[in-house]
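Worksheet for the structure shown next.
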Amino acid sequence: MKLTGAEIVLECLKEQDVDKIFGYPGGAVIPLYDALYDKMDHFDHILTAHEQGASHGADGYARSTGKVGVCFATSGPGATNTVTGIATAYMDSVPLVVITGQVPANLLGKDSFQEVDITGITLPITKHNYFVKDVEKLADVIRDAFKIAESGRPGPVLIDIPKNVFLEKTTYVKKEVLKENKRACTSSNKEIIKAADLINQSSKPVIYAGGGIVLSEAANELYEFATKGNIPVVNTLMGLGSFPRDHDLSLGLVGMHGMRDANLAVCGSDLIIAIGARFSDRVIGIAEEFGPKAKVIHIDIDASEIGKNKDVDLWILGDVKRVLADLTDMLSTKDRKEWLEKIEDFKVNKEKTGFHAENILACAHKVLGDETIVTTEVGQHQMWTAQHFPFKNPRTFISSGGLGTMGYGLGAAIGAQVGNPDKRVLHIAGDGSFRMNCNELATVAKYKLPMITLLFNNQTLGMVRQWQKMFCHKRYAETDITQEVDYMKLVEAYGLRGEKVDNLLDLEDALRRAIQSGKGTVIECLLSKDDCVFPMVPPGAPIHNIILE
Amino acid sequence: MNRILFAEVNNQPEVLMRIIGLLRRRAFHMKSISMVETENKALAHLMITTKEEPESIERAMLLIEKIVDVYKVKTMDENMKKEANLYKVM
């Protein structure tokens with residue numbers, strides 16, 4: 000069967016079971032959208048307000064569903080607008096396939112209208128990228144792109160296709176996608192036995208659980224492993240939800256804004272078991288002081304992560320799901336009572352009163368429940384959410400960890416809601432992040448998405464202000480964004496519901512009304528600009544150096 | 000002592016860009032770079048001469064191995080390079 004390049008792209012997406020595409024049309028992809036016009040019975044195309052929103056949408060879809068996110072953009076600015084989204088996905092190991100149009104081959108290299116070298120631009124932020132010059136190779140490139148995006152340590156793949164390739168015809172033969180094992184286990188049994196011995200001998204172990212557990216769908220295996228050995232679990236930002244926060248063994252977030260008991264447990268431990276985590280600078284502070292007396296076992300699928308930021312005593316390369324299952328079999332059941340009691344003493348039990356983030360999040364959790372998918376932007380609200388929202392399930396906390404992309408959360412929430420139409424999606428934003436990409440409210444309105452935004456409005460770029468307060472002698476350079484936008488009028492302009500609250504009772508009522516309405520709702524919470532995120536470890540300090548208030 | 004990072008790669012210019020970009024970002028010292036087509040025209044051999052410490056070279060190798068277009072990475076000393084009879088093109 001002879002098909003055009005554009006039709007082949009869509010047939011190959013069908014082969015991969017893709018039915019949701021986030022994108023934005025433009026000159027170079029007109030043939031692709033023309034082909035899509037005939038396939039609307041199969042594909043749901045989500046037209047965003049901006050290509051950055053499309054790339055974050057595909058990312059939020061991928062993180063919340065475990066599938067590969069797909070994004071279309073045109074050449075030139077369309078392609079460059081996806082760059083932040085691609086870099087965000089790359090830093091957090093999210094599988095994306097981004098298909099960009101390119102000017103026709105005869106116009107390449109001539110500074111033609113909307114021509115940009117997007118494969119050159121995205122070289123360092125993609126797992127791999129392709130420039131397809133020959134329509135004969137198009138189908139195999141797309142198949143390979145999906146394989147690369149989701150195998151091993153996942154990541155984004157970009158495919159750049161010149162307009163003429165979309166229009167040329169060739170024979171297309173459908174291929175069944177083989178469901179291969181995406182993550183091969185390469186370590187030998189010998190290493191697993193050694194690791195089990197180290198753990199069984201340890202009296203003060205800590206599990207340092209990262210996003211690799213979520214990616215590997217290994218939350219159940221982690222639960223079995225931790226509870227059999229009674230080993231406390233600290234989580235990285237990306238690892239939140241991989242272990243239920245309400246469990247006695249859960250110590251929550253570790254690192255710069257980690258909980259006191261989590262940070263001190265790591266510092267006092269004799270064995271750190273790092274699983275699918277990368278010893279990020281925001282977690283470890285000073286590498287030598289991160290568990291100074293502890294041996295370190297590192298379990299990861301990516302060999303280049305071993306010893307990158309912290310020396311390790313033993314490593315196991317492979318799929319953490321399989322490694323954890325094997326390791327649990329060899330684990331001795333222990334109560335480790337003394338160690339757990341000591342950690343209990345590290346806890347800070349100081350309840351905040353009033354309309355503070357901690358109480359707002361508790362209220363949102365009470366009304367919306369454990370199954371809610373929460374996305375955030377980047378800043379104070381993100382850290383408060385990570386600290387205080389008690390995540391129980393993997394793929395329920397979606398946030399830009401590595402790149403720290405302000406403006407990520409709304410697009411990601413759209414993607415999460417599209418991928419999980421039956422679930423509640425809560426988007427938590429600061430006012431600084433919200434105004435970066437609030438144009439995507441148009442997408443929420445267009446597709447009648449019932450998601451709820453909690454807008455933490457403290458009229459400042461709060462996290463930067465906090466650093467200015469603590470480390471720059473309160474010289475608040477360009478962080479005030481006071482009263483410039485009436486968010487309620489903005490929300491109304493998009494035809495969505497808006498409510499403004501300044502106390503917990505009104506918030507609870509507003510959340511219930513939002514659920515009842517089934518409409519996209521923005522609830523603006525008025526906060527003090529002096530509220531800070533604590534605990535906090537100063538940058539460049541060891542993580543036991545905790546400022547509590 | 001100079002060491003040589005050797006890689007067997009797909010014979011495409013972007014592979015060179017990928018590897019050099021990756022090393023540049025990590026401030027990896029490069030004394031010379033050569034990439035030549037092999038008898039099998041689909042493949043090329045890339046050699047980078049460096050004075051980096053073995054540990055730094057090893058870390059670079061782990062990163063280079065991850066690149067989809069790379070089939071094999073190893074280190075060589077300068078004598079082995081002469082035997083390999085490769086030509087400097089850059």
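Residue numbers (numbering that gives the first Met the number 0), protein chains in the order written: chain A, 0 to 548; chain B, 0 to 89.
Heads up, the beta-carbon is just placed ideally off N, CA and C, and yes, glycines get one too.
Within 9 Å (strictly less), CB to CB, does B/Val67 reach chain A?
-> yes
Please state if the CB of A/Met382 and the CB of A/Gly557 are separated by a distance shorter than 9 Å.
-> Because chain A spans 0 through 548 in this model, residue 557 of chain A falls outside it and cannot be assessed.
Alpha carbon of A/Thr169 to alpha carbon of A/Asp139, nearest angstrom = 13 Å
Where B/Val14 falls: helix, strand or coil (DSSP) | helix
From B/Ala43, B/Ile3, B/Glu7 and B/Leu21, residue whose alpha carbon lies closest to that of A/Ile124 | B/Leu21
What three-state label does DSSP hand A/Cys524 in the structure shown?
-> strand
Within 9 Å, strictly: CB atoms of A/Thr452 and A/Leu425 = yes
Where does B/Met89 fall in DSSP's three states?
-> The predicted position of B/Met89 is uncertain, since its pLDDT is 40 and thus under 50; a value taken from the coordinates is nonetheless stated next. The answer is coil: DSSP assigns B/Met89 none of H, G, I, E or B.
When Cβ atoms are compared, which residues of the segment 116 to 144 of chain A fall closer than 9 Å to chain B?
-> Thr118, Gly119, Leu122, Pro123, Lys126, His127, Asn128, Phe130 and Asp143
Within the 9 Å Cβ cut-off, does A/Asp269 reach chain B?
-> no
To the nearest angstrom, how far is it from the Cα of A/Glu288 to the Cα of B/Tyr70?
-> 38 Å
Spatially closest choice to A/Gly517 from A/Pro541, A/Leu448, A/Gly494 and A/Ile546, by CA coordinates = A/Leu448
Can you list, in chain order, the residues of the segment 10 to 37 of chain B whose Cβ is nearer than 8 Å to any Cβ on chain A?
-> Glu13, Met16, Arg17, Gly20, Leu21 and Arg24
Residue of A/Arg394, A/Asp344, A/Val67 and A/Gly401 minimising C-alpha distance to A/Arg423 = A/Arg394
With distances taken between CB atoms, is the gap from A/Ser63 to A/Met237 smaller than 9 Å?
-> no
Which residues bound the alpha helix (DSSP H) around A/Glu498?
-> Taken as a continuous stretch (DSSP letters only), A/Glu498 belongs to no alpha helix (DSSP H), being part of the beta strand (DSSP E) at Arg496 to Val500.
Identity of the residue in A/Glu167, A/Ser527 and A/Ile20 nearest A/Ile413 by Cα | A/Ile20
With 9 Å set as the bound, which would you pick, yes or no: does the beta-carbon of A/Ile397 sit closer than that to a beta-carbon of chain B?
-> no
Test item: CB-CB of A/Thr79 and A/Val115 under 9 Å | yes
Less than 8 Å between the CB atoms is what I'm expecting for A/Gly378 and A/Met462, so what's the real figure, rounded?
-> 4 Å
Measuring only between beta-carbons, confirm whether A/Gln15 sits less than 9 Å from chain B.
-> no
Quick one: using the 10 Å Cβ neighbour count with 16 as the cut-off for buried, is A/Glu6 buried or exposed?
-> buried
What does A/Thr560 pair with, by DSSP beta-bridge criteria?
-> Since the first and last residues shown for chain A are 0 and 548, residue 560 of chain A lies out of range.
Compare the C-beta of A/Ser303 against all C-beta atoms of chain B and say whether one is closer than 9 Å.
-> yes
Is A/Asp501 closer than 9 Å to A/Phe345 when the C-beta atoms are compared?
-> no
Does the Cβ of A/Gly539 have 16 or more other Cβ atoms within 10 Å, making it buried, or fewer, making it exposed?
-> exposed
A/Leu547 classed as buried or exposed, judged by whether at least 16 other C-beta atoms fall within 10 angstroms = exposed
DSSP state of A/Tyr23 mapped onto helix, strand, coil = coil
Contact test: B/Lys65 Cβ vs the ligand ATP heavy atom, cutoff 8 Å | Of the ligands one can find in the structure shown there are none, so the ligand ATP has no counterpart to examine.
Does the Cβ of A/Val134 have 16 or more other Cβ atoms within 10 Å, making it buried, or fewer, making it exposed?
-> buried
Kindly indicate the opening and closing residues of the beta strand (DSSP E) around B/Val8.
-> Arg2 to Asn9
Given a threshold of 16 other Cβ atoms within 10 Å of its Cβ, counted over all protein chains shown, does A/Ser187 qualify as buried or as exposed?
-> exposed
How about the segment 361 to 378 of chain A and the segment 327 to 339 of chain A: do they share at least three Cβ pairs that are nearer than 8 Å?
-> no
Distance CB(B/Arg2)-CB(B/Met75) smaller than 9 Å = yes
DSSP on A/His543, reduced to helix/strand/coil?
-> coil
Which chain B residues are close to A/Ile147, counting only those with a beta carbon under 7 Å from its beta carbon?
-> Val67
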